[in-house]
Structures are given as structure tokens and as C-alpha cells.
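In what follows, a structure is listed as C-alpha cells, so that the remarks can point back to it.
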Amino acid sequence: MIYELRTYRTLPDRMPALLKRFETRTLQIWQRLGIRQLGFWRTTVGPSHLELVYILVWSSLAERERLWNAFVTDPEWQEVAAASEADGPILANISNSFMSPTSFSALQ
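Here is the structure:
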């Protein structure tokens with residue numbers, strides 16, 4: 004398994020719009036496309052309350068490329084993204100890393 008750690012840093016006051024987009028629309032699109040998420044987290048204590056972190060699970064980088072490309076070109080997703088940013092952009096920055104578990108990791 005390959006785990007993709009994604010960190011979204013929102014613009015000030017835009018976290019509610021990002022959370023609503025994931026909760027009400029994005030996760031449904033992912034489910035339809037077969038994109039699997041391990042979990043989502045917000046910073047409780049730390050340097051930034053503007054960050055949403057989540058992990059996606061892939062069987063291979065080829066699967067990730069195929070499914071992520073299907074997602075970003077999906078007409079429903081493009082409508083959702085545009086509608087959610089009608090009041091302005093949501094994100095200031097996105098970063099991602101691909102991780103593989105160590106031999107002693109509880110998650111394999």
C-alpha cells in the first residue's frame with residue numbers, strides 16, 4: 004500500500020467552506036470513483052488552525068494516477084469546485100507526500 008498525505012491550508016475564514024465541500028460532495032464523488040480515504044484531521048493545538056490534513060490509500064502509484072486524473076477531470080467535481088469558490092478561493096496552498104509503511108508499522 005501507498006499512503007498519500009495531503010495538507011490543505013485554507014485562506015482565512017474559508018475552512019467552513021472546505022469542510023462542507025468534503026462532507027457534502029467530494030467524498031461522494033470519491034466513493035463513486037473508488038478513491039479510498041483513511042481519515043481527515045484538523046489541527047487542535049499547533050501552529051495553524053487553517054490546515055486540514057488527510058490520508059488517501061492507494062494500491063500503487065499507477066492506481067493513484069488513474070483515479071486522481073479521473074477525479075480532477077470529473078464534470079461533477081468541476082461543478083462542485085466552481086460552486087464552492089463562488090465567494091472566492093478556498094485554498095492558499097496544497098502539499099502532498101507519498102509514504103510507504105515500515106516493516107514495524109501497525110498500518111501496512
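Residues in the sequence shown are numbered consecutively from 4, following the numbering used here.
The C-beta atom is built at its ideal place from N, Cα and C for all residues, glycine as well.
{"Check": "Under the three-state DSSP convention, the category S98 falls into", "Outcome": "strand"}
{"Check": "Buried versus exposed, by CB contacts within 10 Å (16 or more), R17", "Outcome": "buried"}
{"Check": "Any non-hydrogen atom of the ligand GTP within 8 Å of D16 CB", "Outcome": "The ligand GTP is absent from the structure shown, which contains no ligands of any kind."}
{"Check": "First through last residue of the alpha helix (DSSP H) which encompasses I32", "Outcome": "L30 to L36"}
{"Check": "Residues sharing a beta bridge with T13, DSSP", "Outcome": "L94"}
{"Check": "Among A84, V60, N99 and F74, the one whose alpha carbon lies nearest that of R12", "Outcome": "N99"}
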